[in-house]
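Those protein sequences? They're chains A and B, same order as listed. Residues in the first sequence are numbered from 1 upward in steps of one, following the UniProt record's numbering. Residues in the second sequence are numbered from 1 upward in steps of one, following the UniProt record's numbering. Note that the Cβ used here is the ideal one computed from N, Cα and C, for glycine as well. What you are looking at is a predicted structure, and each value in this text was computed from that prediction instead of being measured.
Number of protein chains: 2
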Amino acid sequence: MLTIGNLAKRTGTKVQTIRYYEQVGLMPEPGRTDGGQRRYGDAELDRLSFIRHARQLGFSLDAIRELLDLSDHPARSCEEADAIARRQLKQVKQRMARLELLRVELERMIEECSGGQAADCRVLEVLRDHAECLTDHEGIGT
Amino acid sequence: MLTIGNLAKRTGTKVQTIRYYEQVGLMPEPGRTDGGQRRYGDAELDRLSFIRHARQLGFSLDAIRELLDLSDHPARSCEEADAIARRQLKQVKQRMARLELLRVELERMIEECSGGQAADCRVLEVLRDHAECLTDHEGIGT
DNA sequence: CTAAAACCTCGAGCCACTGGAGGTTCAACC
DNA sequence: GGTTGAACCTCCAGTGGCTCGAGGTTTTAG
Ligand SMILES: [Zn+2]
Ligand SMILES: [Zn+2]
Ligand SMILES: [Zn+2]
Ligand SMILES: [Zn+2]
Numbered sequence: 001m002l003t004i005g006n007l008a009k010r011t012g013t014k015v016q017t018i019r020y021y022e023q024v025g026l027m028p029e030p031g032r033t034d035g036g037q038r039r040y041g042d043a044e045l046d047r048l049s050f051i052r053h054a055r056q057l058g059f060s061l062d063a064i065r066e067l068l069d070l071s072d073h074p075a076r077s078c079e080e081a082d083a084i085a086r087r088q089l090k091q092v093k094q095r096m097a098r099l100e101l102l103r104v105e106l107e108r109m110i111e112e113c114s115g116g117q118a119a120d121c122r123v124l125e126v127l128r129d130h131a132e133c134l135t136d137h138e139g140i141g142t
Numbered sequence: 001m002l003t004i005g006n007l008a009k010r011t012g013t014k015v016q017t018i019r020y021y022e023q024v025g026l027m028p029e030p031g032r033t034d035g036g037q038r039r040y041g042d043a044e045l046d047r048l049s050f051i052r053h054a055r056q057l058g059f060s061l062d063a064i065r066e067l068l069d070l071s072d073h074p075a076r077s078c079e080e081a082d083a084i085a086r087r088q089l090k091q092v093k094q095r096m097a098r099l100e101l102l103r104v105e106l107e108r109m110i111e112e113c114s115g116g117q118a119a120d121c122r123v124l125e126v127l128r129d130h131a132e133c134l135t136d137h138e139g140i141g142t
């Protein structure tokens, strides 16, 4: 029987995160001691490892919920699992493509700035005027 | 004089976002009509365009605050602006590197799955056991 | 003058955690 | 068996960067 702290250590998770997963229904409510502390068994260790691994691969908690559900029903078709993974891959590729555009623009403006006063800063100039950019950047951020 | 709606249209921003920027001190408190509605001039148009463009390039609102400050003080050195841009570039590169690792793992597990039952799904197998992965993925998500 | 489009404020919700306050339980040691 | 201190508990708030909705007011075109 594992305490929540030991489960956390074994899976590289924070204690609060485990309680959060329980709260949102990703982890089951575990058994408790007479004093009310959580105690976990091997099934929960496996489940949390699965969740953490899927998170590291970028899956959302909603996606993980579905994946766990499929993993719990071995007789079902794996079509859905594959579809989730393909969606995830597509998203990753899209993000990479957008980041690549950002990289190019950032590198260019940094390279072109020769220092001095803010008035002549190439970085600030480009930010003030998108016409200085080579590419469009639809969407924001990431 | 621009209404908030027109300013929004011209910059590709949502009205609520403009109000949010005002709330967090990125946009100044504009003039108001007698009835209390916001009215903007060209300075605000420029400022919001700057903010939006910087957001498209992935800068955080905090970074943008500093960049705006420098842009407002042309006599200052541009060292700091360049440093902010370099930090941003570094972050972009790091994210791309991490996404590339995810891409490889996702592609591999999708390719190796030959369909059928969830019991034999390669996607689920890999999620259950990180030993099936080729790379480590420190950090989570993105 | 009326109708409807656009504006206003305030509050909550999103994702996936993370941190803290204030209190209780457990385990090890003497 | 008692003491200590680490680990646990619940509940609440905050993060970033918006986004939406309710319920009400102002503006503007016809
Ligand atoms: Zn510069
Ligand atoms: Zn641009
Ligand atoms: Zn499969
Ligand atoms: Zn792995």
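Quick check on the burial criterion: 16 or more other C-beta atoms within 10 angstroms. Buried or exposed for residue i?
| i | result |
| --- | --- |
| B:Q56 | buried |
| B:L99 | buried |
| A:R122 | buried |
| B:L134 | exposed |
| B:S114 | exposed |
| B:V24 | exposed |
| A:E44 | buried |
| B:H53 | buried |
| B:E112 | exposed |
| B:A75 | exposed |
| B:A97 | exposed |
| B:A81 | buried |
Taking 7 Å as the cut-off, does the CB of residue i come closer than this to any heavy atom belonging to ligand 4?
| i | result |
| --- | --- |
| B:H137 | yes |
| B:C133 | yes |
| A:H73 | no |
Tell me whether residue i counts as near ligand 1, meaning its Cβ is closer than 7 Å to at least one heavy atom of that ligand.
| i | result |
| --- | --- |
| residue 143 of chain B | Absent from the structure is residue 143 of chain B, since the part of chain B shown begins at 1 and ends at 142. |
| A:R122 | yes |
For residue i versus residue j, is the C-beta spacing smaller than 8 Å?
| i | j | result |
| --- | --- | --- |
| B:T11 | B:L61 | no |
| B:L70 | B:C78 | yes |
| A:Y20 | A:I51 | no |
| A:Q37 | A:T3 | yes |
| A:A118 | A:L124 | yes |
| A:G58 | B:L102 | yes |
| B:V15 | B:G5 | yes |
| B:L26 | B:I64 | yes |
| B:M109 | A:A85 | yes |
| A:I7 | B:V92 | Contrary to the premise, residue 7 of chain A reads as Leu rather than Ile in this sequence. For A:L7 and B:V92, no; Cβs fall outside 8 Å. |
| B:R95 | B:T33 | no |
Let me check you understand the geometry: is the CB of residue i closer than 7 Å to at least one non-hydrogen atom of ligand 3?
| i | result |
| --- | --- |
| B:R128 | no |
| B:G115 | yes |
| A:R78 | Just to set this straight, residue 78 of chain A is Cys in the shown sequence, not Arg. Correct: A:C78 has its Cβ closer than 7 Å to ligand 3. |
Which partner residues does residue i have in the DSSP bridge list?
| i | result |
| --- | --- |
| A:Y40 | A:L2 |
| residue 148 of chain B | As shown, chain B starts at 1 and ends at 142. That puts residue 148 of chain B outside it, with no answer to give. |
| A:R32 | A:R38 |
Considering only heavy atoms of ligand 2, does any lie closer than 7 Å to the CB of residue i?
| i | result |
| --- | --- |
| B:H53 | yes |
For this session: Taking a Cβ distance cut-off of 9 Å, strictly less, list which residues of the region 71-91 of chain B are near chain A, in chain order.
Result: S71, D72, H73, P74, A75, R76, S77, C78, E79, E80, A81, D82, I84, A85, R86, Q88, L89
For this session: Residues of the region 22-33 of chain B with a CB closer than 7 Å to any CB of chain A: list them in chain order, please.
Result: none
Exercise. Using a beta-carbon distance cut-off of less than 8 Å, what residues from the region 100-115 of chain A approach chain B?
Worked result: E100, L102, R103, E105, L106, E107, M109, I110, C113, G115
Exercise. When Cβ atoms are compared, which residues of the region 122-140 of chain A fall closer than 7 Å to chain B?
Worked result: V123, L124, L127, R128, H130, H137, I140
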